[in-house]
Amino acid sequence: MPAKKHDPTERFFDAVAAYGYAPLLRKADGTTRFEIVDGKRTSRWFVTANKGHLSVSRRGVGDPDCAIRADKAIFEKIASGKLNAVAAVLRGDLAIEGDWRLLIWMQRLFPGQRPPRRTRTAGYARRRG
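Going letter by letter, the sequence shown gives residues 111 to 239 in the numbering used here.
Next comes the structure, spelled out in structure tokens:
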């Protein structure tokens with residue numbers, strides 16, 4: 111019996127590989143290289159989207175269309191849905207080269223954050239003073 115993988119990064123890429131076909135990515139076409147930096151060690155994962163059909167590999171063929179580089183702790187937050195990938199790029203926590211559209215498409219594979227709670231009154235209406 112294989113051991114369970116406790117590494118959120120490996121679990122994320124295993125889940126992406128298990129998708130096979132993701133209808134939300136039916137318009138996506140290209141390869142994204144994820145470089146996850148853990149101290150002196152960098153692990154690379156290649157996710158290829160071909161009209162919604164996904165494949166994951168540890169070895170790429172040719173140059174990727176998009177390259178994303180992140181510290182392991184940051185990527186684990188993204189992979190677990192605690193941090194938004196696009197927001198991480200804007201803050202400088204995640205480096206991206208190449209076609210940004212692939213990051214936008216890949217964002218759909220990450221677990222989502224909780225939507226904000228709806229209230230019955232607007233924020234200004236709750237303040238009384």
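Note that beta-carbon positions come from the ideal geometry of N, C-alpha and C, so glycine has one too. Nothing here was measured: the structure is a model prediction, and the numbers come from that model.
- Three or more beta-carbon pairs drawn from the segment 139-151 and the segment 202-218 are found closer than 8 Å, and the two stretches are therefore classed as touching.
- With respect to the C-alpha of residue 190, the residue from 217, 165, 177 having the closest C-alpha is 217.
- Taking the C-beta atoms as reference points, residue 177 is found nearer than 7 Å to residue 208.
- In the structure shown, residue 198 adopts helical secondary structure according to DSSP, grouped into three states.
- The residues 191, in chain order, have a CB closer than 6 Å to that of residue 221 in the same chain once the five nearest residues on each side in sequence are set aside.
- In terms of Cβ geometry, residue 129 and residue 162 do not form a close pair [threshold 7 Å].
- For residue 126, no beta strand (DSSP E) run applies; the uninterrupted alpha helix (DSSP H) run containing it begins and ends at 118-129, by DSSP.
- In this model, residue 173 and residue 126 are separated by some 21 Å (Cα to Cα).
- Around the CB of residue 183, fewer than 16 other CB atoms lie within 10 Å, so the residue is classed as exposed.
- DSSP places residue 144 within a strand segment (E or B) once states are collapsed to three.
- Non-local C-beta neighbours of residue 134 in its own chain, meaning closer than 7 Å and more than five positions away in sequence, comprise 218, ordered along the chain.
- With 16 or more neighbouring CB atoms inside 10 Å of its own CB, residue 198 falls in the buried class.
- With a contact defined as Cβ atoms closer than 8 Å, residue 156 and residue 143 qualify at about 5 Å.
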